Amino acid sequence: MKFSNSLFSAAAGLGLLVQAQAAALAGPVNRNASTSARRLLTYLNKTTSNGTTLSGQQELEDAEWLAQNVGHSPAVLGVDLMDYSPSRVELGAKSHAVEDAISYSKRGGIITICWHWGSPSGSNTSTPDAWYNNFYTEGTTFNLSSAIQPSSPDYKLLVRDIDAIAKQLARFNDTPILFRPLHEADGGWFWWGASGPEPCKALYYLLFDRLTRTHGLNNLLWVWNSKVPEWYPGNDFVDVVSVDVYADKGDHSSQIADYRALQNLTGNSTKPIALGEVGNIPDPEQMHKDGAKWAYWLTWNGDFIRGEDKNPSQFKKKVYSSRFVGTLE
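Mapped onto mature numbering (1 follows the signal peptide of the UniProt record, and there is no 0), the consecutive letters of the sequence shown carry residue numbers -22 to -1, 1 to 307.
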């Protein structure tokens, strides 16, 4: 189930295109969205309406592990722009996330990107490796409430960081991206959520404006990552709604309560609903039974997918061979 930018260009696909576009209604929230971004949004609506949830995996090496050990590759690859943050680059961080994502997209994979944004200033450098945690609230003195004020010196640093990330996103050219910034903000454990919903939403609007209008990154689909109404930027700024779920050991339920909460968040709009991150993969049969029409899920990396504790081997094989799951093949 490979995604192609030219997926609906052939006459044979026109009927599906019309059907899916009707479901997508107004299309992307960026009125200047590229054709490829529009096609991806249409594709997500189409697969969801057909009862298919796309499989997803964080990090290329773990996606390749799945191919070798489970026999299937995920339809969606997640990467992190964390080590492109200027404050981290200054301290020696390096990343190949963009190269990994571009490589996977050329194979037909869909790309989703998060950003563990290293704080623009105030990082804890008391020990040689303390700065690594500078995206956490406890790892920085950066205060978003004051920084989001345009007259603040830190506001210029916010813009600097956004512009640096824009350069990385521009490397994708016309490849559509599911961009999920400021994730898990309502938890408060990341600095962008530590000051509450209003400063966080203001930062989201700044990101949206700077990346779309200033930098013309029209290949982005905007993914919001919280089910809490007070934090929601609004339907006019969000293409896909999502939530991160790290369930208890052995819990492979459909997470239908979270699905319904996200439906309610958007006023039961037709926006795709996704699991931005999971520890335990939901059982596809249970999702189908409960009517939890997740557009995709993204399993976190390392032991979350490779180990036996969260997702045992037989369960992984069951999931990736399910008729309700879309893979890269």
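Glycine is no exception: its CB is placed at the ideal position from the N, C-alpha and C atoms.
On a predicted model such as this, the values are computed, not experimentally measured, just so you know.
CB contact below 9 Å: residue i versus chain C
i	result
residue 132	The structure shown contains no chain C; it is built from a single protein chain.
Where residue i sits in the DSSP three-state scheme
i	result
residue 297	helix
residue 233	coil
residue 67	helix
residue 107	coil
residue 194	coil
residue 73	coil
residue 175	helix
residue 259	coil
residue 33	coil
residue 52	strand
residue 83	helix
residue 7	coil
residue 114	strand
residue 165	helix
residue 101	strand
residue 306	coil
residue -1	For residue -1, the pLDDT reaches just 42, beneath the cut-off of 50, and the residue's location in the model is therefore unreliable, although a value from the coordinates is still provided. Helix, per DSSP.
residue 170	helix
residue 201	strand
C-alpha gap between residue i and residue j, whole angstroms
i	j	result
residue 228	residue 182	35 Å
residue 104	residue 118	11 Å
residue 57	residue 71	15 Å
residue 230	residue 301	17 Å
residue 1	residue 219	Any reading at residue 1 must be qualified, since the residue scores a pLDDT of 41, below 50, and its modelled position is unreliable; no value is offered.
residue 16	residue 6	6 Å
residue 113	residue 146	19 Å
residue 224	residue 285	15 Å
residue 297	residue 264	11 Å
residue 45	residue 176	42 Å
residue 276	residue 8	24 Å
residue 52	residue 268	23 Å
residue -2	residue 19	Because residue -2 carries a pLDDT of 42, less than 50, the predicted location of this residue cannot be relied on, and no value is offered for it.
residue 195	residue 152	9 Å
residue 282	residue 129	43 Å
residue 126	residue 180	7 Å
residue 184	residue 163	16 Å
residue 135	residue 69	16 Å
residue 83	residue 170	29 Å
residue 25	residue 190	27 Å
residue 11	residue 252	20 Å
residue 226	residue 43	24 Å
residue 292	residue 262	14 Å
residue 86	residue -20	5 Å
residue 287	residue 124	42 Å
residue 232	residue 254	14 Å
residue 144	residue 245	31 Å
residue 238	residue 35	23 Å
residue 28	residue 137	41 Å
Contact check, residue i vs residue j, beta carbons under 9 Å
i	j	result
residue 31	residue 273	yes
residue 95	residue 132	no
residue 307	residue 50	yes
residue 247	residue 203	no
residue 200	residue 178	no
residue 21	residue 142	no
residue 193	residue 93	no
residue 156	residue 205	no
residue 304	residue 60	no
residue 37	residue 55	yes
residue 154	residue 198	yes
residue 106	residue 65	no
Boundaries of the beta strand (DSSP E) in which residue i is found, first to last residue
i	result
residue 222	218 to 223
residue 59	Note, residue 59: premise wrong, no beta strand (DSSP E); not H, not E.
residue 272	It is not in any beta strand (DSSP E) - residue 272 carries neither H nor E in the DSSP assignment.
residue 157	155 to 158
residue 90	88 to 92
Where the alpha helix (DSSP H) through residue i begins and ends
i	result
residue 127	Counting along the chain, residue 127 falls outside any alpha helix (DSSP H), and DSSP gives it neither H nor E.
residue 43	38 to 47
residue 17	13 to 27
residue 284	281 to 284
Contact belief for residue i with residue j at Cβ below 8 Å, rounded distance in angstroms
i	j	result
residue 149	residue 88	Not quite, the Cβ-Cβ distance comes to about 17 Å (not below 8 Å), so this is no contact.
residue 90	residue 158	6 Å
residue 249	residue 216	7 Å
residue 258	residue 279	No, residue 258 and residue 279 are not in contact; Cβ-Cβ is about 14 Å, not under 8 Å.
residue 115	residue 174	Going by Cβ atoms, the distance from residue 115 to residue 174 rounds to 12 Å, so no, they are not a contact pair.
residue 122	residue 172	7 Å
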